[in-house]
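Visitor: Numbering (mature numbering (1 follows the signal peptide of the UniProt record, and there is no 0)), first residue to last: -18 to -1, 1 to 330. Backbone N, C-alpha and C fix where the C-beta goes; we use that ideal spot for every residue, glycine too.
Put into structure tokens, the structure is as follows:
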């Protein structure tokens, strides 16, 4: 009789979508272990919804870690599930793509857009399992639509995936998606003219090799040379302005690619341009390891992040450089300009 009751209890618990946190300031991390970075913290008693569970670092005898709809992992030791084992699917199984609906009476449609017929509706808090994602009608700044196991599409704006980009594979054309293959077939967008003008203005043009404020040999529109006297440059020196612009275009392509690769959320061309200018100035390595990119990839408001983080990048040789202060201000101003088209995710 006891075994039957436990089985019934486990069955009931498996249908519970949210559980309370048992400790104070419990860390939710980017992976299932204490070595992973802290994404956010939960207060005692806060309800968390689980998408899947997996094994990780042993916390007080419990190796299970729970992935929440915030997209991060918390030790099951701190989650009051009522049992000592699994209460939902293991991460990596089909159920690991399950997320909660954030709105009331959310429509799931026959295709990725508001012009398609309504197949069904989801209640707030209902868990949906995603089979793929694609682009469709723009809903509150989000063009991603999620195909569920019910065979219909719901705007990602109403699905608590925890991120502002893709969390599963793109829908193929045969699956009814509006976009084709994966990101490997998508090139980095070209910067708009406003971005080119901004970079050219602050870099300035120099026909001959010079040393920039941080001690690097430079030529043209801020091209950082790899060899002494810029020996790797194929154009003749002194550099003409026409060849200087060709060199600038070559250099920008590198930074366009790295920004496209590292930024996962939705960014318009002006915001993208601000990021390209910043990476062009500070380097892709510094950008990739930055708090700025980490905040963007957590889904924070793009203009808020840029306005708060870009002004921190004004130091050279241990001092605040006025030129960098002006450049960061110009990048923030560019990002805030309205009317530009989407740059990221790139359209394939």
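Does the Cβ-Cβ distance between residue 61 and residue 3 come in under 8 Å?
Guide: Within the chain shown, residue 61 is the residue found at index 79, counting from 1. Within the chain shown, residue 3 is the residue found at index 21, counting from 1. Yes, they are a contact pair.
Visitor: Rounded to the nearest angstrom, how far is the Cβ of residue 81 from that of residue 112, given a contact under 8 Å?
Guide: Residue mapping note: residue 81 aligns to position 99 of the chain shown, counting from 1. Residue mapping note: residue 112 aligns to position 130 of the chain shown, counting from 1. Rounded, the Cβ-Cβ distance is 7 Å, consistent with contact.
Visitor: So, is residue 115 buried or exposed, given that buried needs 16 or more other C-beta atoms within 10 angstroms?
Guide: On the chain shown, position 133 is the one that residue 115 refers to. Buried is the call here.
Visitor: Among the residues of its own chain, which have a CB less than 6 Å from the CB of residue 309, if the five just before and after it don't count?
Guide: Here residue 309 refers to the residue found at position 327 of the chain shown. Result list for residue 309: 184, in chain order.
Visitor: According to the neighbour-count rule (16 or more other Cβ atoms, all chains shown, within 10 Å of its Cβ), is residue 102 buried or exposed?
Guide: Working through the chain shown from its first residue, we reach residue 102 at position 120. The residue in question, residue 102, is exposed, as its Cβ has fewer than 16 Cβ neighbours within 10 Å.
Visitor: Rounding to the nearest angstrom, what Cα-Cα distance links residue 271 and residue 279 in this structure?
Guide: Translated into positions along the chain shown, residue 271 becomes position 289. Translated into positions along the chain shown, residue 279 becomes position 297. Cα-Cα distance, rounded: 12 Å.
Visitor: Give every residue of the same chain whose Cβ lies closer than 7 Å to the Cβ of residue 73, excluding the five residues on either side of it in the sequence, and list them in chain order.
Guide: For the purposes of this step, residue 73 is taken as the residue at position 91 of the chain shown. Result list for residue 73: 34, 35, 36 and 49, in chain order.
Visitor: Using 10 angstroms around the beta-carbon of residue 174, count the other beta-carbons present and answer buried if the total reaches 16, otherwise exposed.
Guide: As a working mapping, residue 174 is identified with position 192 in the chain shown. Classification of residue 174: buried, given that the 10 Å Cβ count is 16 or more.
Visitor: Taking only the alpha-carbon atoms, compute the straight-line gap between residue 130 and residue 122 and give it to the nearest angstrom.
Guide: Position 148 of the chain shown, counting from 1, holds the residue named residue 130. Position 140 of the chain shown, counting from 1, holds the residue named residue 122. Distance between the alpha carbons of residue 130 and residue 122: 20 Å.
Visitor: Once you ignore the five residues that flank residue 8 on each side, which residues in its own chain have a CB closer than 7 Å to its CB?
Guide: Here residue 8 refers to the residue found at position 26 when the chain shown is read from its first residue. If we look at residue 8 and ignore the five residues flanking it on each side, its Cβ neighbours are 23, 24, 56 and 60.
Visitor: Hey, which unbroken runs of the beta strand (DSSP E) at 3 residues or more fall wholly within the stretch 44 to 106?
Guide: With a minimum length of 3 residues, the continuous beta strand (DSSP E) runs that stay inside the stretch 44 to 106 are 44 to 50, 55 to 57, 80 to 83, 88 to 91 and 100 to 104.
Visitor: Going by beta-carbon coordinates alone, are residue 316 and residue 252 separated by less than 8 Å?
Guide: On the chain shown, position 334 is the one that residue 316 refers to. On the chain shown, position 270 is the one that residue 252 refers to. Against a cut-off of 8 Å, the Cβ pair of residue 252 and residue 316 comes out as a contact.
Visitor: When you compare each of 299, 260, 268 and 264 to residue 314 by their alpha carbons, which one comes out closest?
Guide: Residue mapping note: residue 314 aligns to position 332 of the chain shown, counting from 1. Taking only the C-alpha atoms, the option nearest residue 314 is 260.
Visitor: In three-state DSSP terms, what is residue 314?
Guide: The residue you call residue 314 lines up with position 332 of the chain shown. Helix at residue 314.
Visitor: For the beta strand (DSSP E) holding residue 129, just list the boundary residues, first then last.
Guide: Taking the first residue of the chain shown as 1, we reach residue 129 at position 147. Counting along the chain, the beta strand (DSSP E) containing residue 129 begins and ends at 124 to 130.
Visitor: Among the residues of its own chain, which have a CB less than 7 Å from the CB of residue 99, if the five just before and after it don't count?
Guide: As a working note, residue 99 is residue 117 in the chain shown. These residues qualify, in order along the chain: 91 and 92.
Visitor: Quick one: what's got a C-beta closer than 7 Å to residue 77's C-beta in the same chain, skipping five residues either side?
Guide: As a first step, residue 77 must be located in the chain shown, where it is residue number 95. Since pLDDT at residue 77 reaches only 43, below the 50 mark, its modelled position is unreliable, and the value read off the structure follows with that caveat. These residues qualify, in order along the chain: 34, 70, 71 and 111.
Visitor: What does a CB cutoff of less than 7 Å around residue 142 pick up in its chain, not counting 5 residues either side in sequence?
Guide: Sequence index remark: in the chain shown, residue 142 carries index 160 (1-based). Within the same chain, residue 142 has close Cβ partners 51, 81, 82 and 84.
Visitor: Per DSSP, what kind of secondary structure is residue 259 in: helix, strand or coil?
Guide: For the purposes of this step, residue 259 is taken as the residue at position 277 of the chain shown. Helix, per DSSP.
Visitor: Excluding five sequence neighbours on each side, which residues of the same chain lie with their C-beta closer than 6 Å to the C-beta of residue 53?
Guide: In the chain shown, the residue the question calls residue 53 occupies position 71. Excluding positions up to five away in sequence, the list reads 144 and 145.
Visitor: Drop a sphere of 10 angstroms on the beta-carbon of residue 326, count the other beta-carbons inside from all chains shown, and report buried for 16 or more, exposed for fewer.
Guide: By one-based count along the chain shown, residue 326 stands at place 344. By the 10 Å Cβ count, residue 326 comes out buried.
Visitor: Residue 171 to residue 243, Cα distance in whole Å?
Guide: Taking the chain shown and counting its residues from 1, one reaches residue 171 at position 189. Taking the chain shown and counting its residues from 1, one reaches residue 243 at position 261. In a straight line, the C-alpha of residue 171 is about 11 Å away from that of residue 243.
Visitor: Given a threshold of 16 other Cβ atoms within 10 Å of its Cβ, counted over all protein chains shown, does residue 320 qualify as buried or as exposed?
Guide: Stepping through the chain shown from its first residue, residue 320 is reached at position 338. Flag for residue 320 reads exposed.
Visitor: Which class does residue 321 belong to by DSSP, given the choice of helix, strand or coil?
Guide: Here residue 321 refers to the residue found at position 339 when the chain shown is read from its first residue. Here residue 321 sits in coil by DSSP.
Visitor: Residues bridged to residue 109 by DSSP?
Guide: Against the chain shown, residue 109 aligns to sequence position 127. According to DSSP, residue 109 bridges with 82.
Visitor: DSSP on residue 2, reduced to helix/strand/coil?
Guide: Walking along the chain shown from the start, residue 2 turns up at place 20. The answer is strand: DSSP assigns residue 2 an E or B state.
Visitor: Do residue 304 and residue 169 have their C-beta atoms within less than 8 Å of each other?
Guide: Reading the chain shown from its first residue, position 322 is the one you call residue 304. Reading the chain shown from its first residue, position 187 is the one you call residue 169. No.
Visitor: Looking at the unbroken beta strand (DSSP E) that takes in residue 241, where does it start and where does it end?
Guide: By one-based count along the chain shown, residue 241 stands at place 259. First-last for residue 241: 223 to 244, but that is the alpha helix (DSSP H), not the beta strand (DSSP E).
Visitor: Excluding the 5 residues preceding and the 5 following residue 225 in the sequence, name in chain order all residues of the same chain whose CB lies nearer than 6 Å to its CB.
Guide: One-based indexing of the chain shown puts residue 225 at position 243. Excluding residues within five positions, the ones whose Cβ falls inside 6 Å are 217.
Visitor: Does any C-beta atom of chain C lie closer than 8 Å to the C-beta of residue 139?
Guide: Chain labels in this structure do not include chain C; a single protein chain is all it has.
Visitor: So for residue 217, helix, strand or coil by DSSP?
Guide: Residue numbering aside, residue 217 sits at position 235 when the chain shown is read from its first letter. Residue 217 falls in the coil class under three-state DSSP.
Visitor: Residue 286: which of 133, 302 and 318 sits nearest, CA to CA?
Guide: Here residue 286 refers to the residue found at position 304 of the chain shown. Among 133, 302 and 318, the Cα nearest to that of residue 286 is on 318.
Visitor: What is the DSSP secondary structure of residue 157, reduced to helix, strand or coil?
Guide: Working through the chain shown from its first residue, we reach residue 157 at position 175. Unreliable placement is indicated for residue 157, whose pLDDT of 38 sits below 50; no coordinate value is reported for it.
Visitor: From residue 232 to residue 16, what distance separates their C-alpha atoms?
Guide: Numbered from its first residue, the chain shown carries residue 232 at position 250. Numbered from its first residue, the chain shown carries residue 16 at position 34. Between residue 232 and residue 16, the C-alpha separation is close to 42 Å.
Visitor: To which residues does DSSP link residue 137 through a beta bridge?
Guide: For this step, residue 137 is matched to residue 155 along the chain shown. For residue 137, which the question treats as bridged, DSSP gives the partners 127.
Visitor: Between 21, 26, 13 and 41, which has its C-alpha nearest residue 331's C-alpha?
Guide: This structure does not reach residue 331, given that the chain is present from -18 up to 330, and the question cannot be answered.
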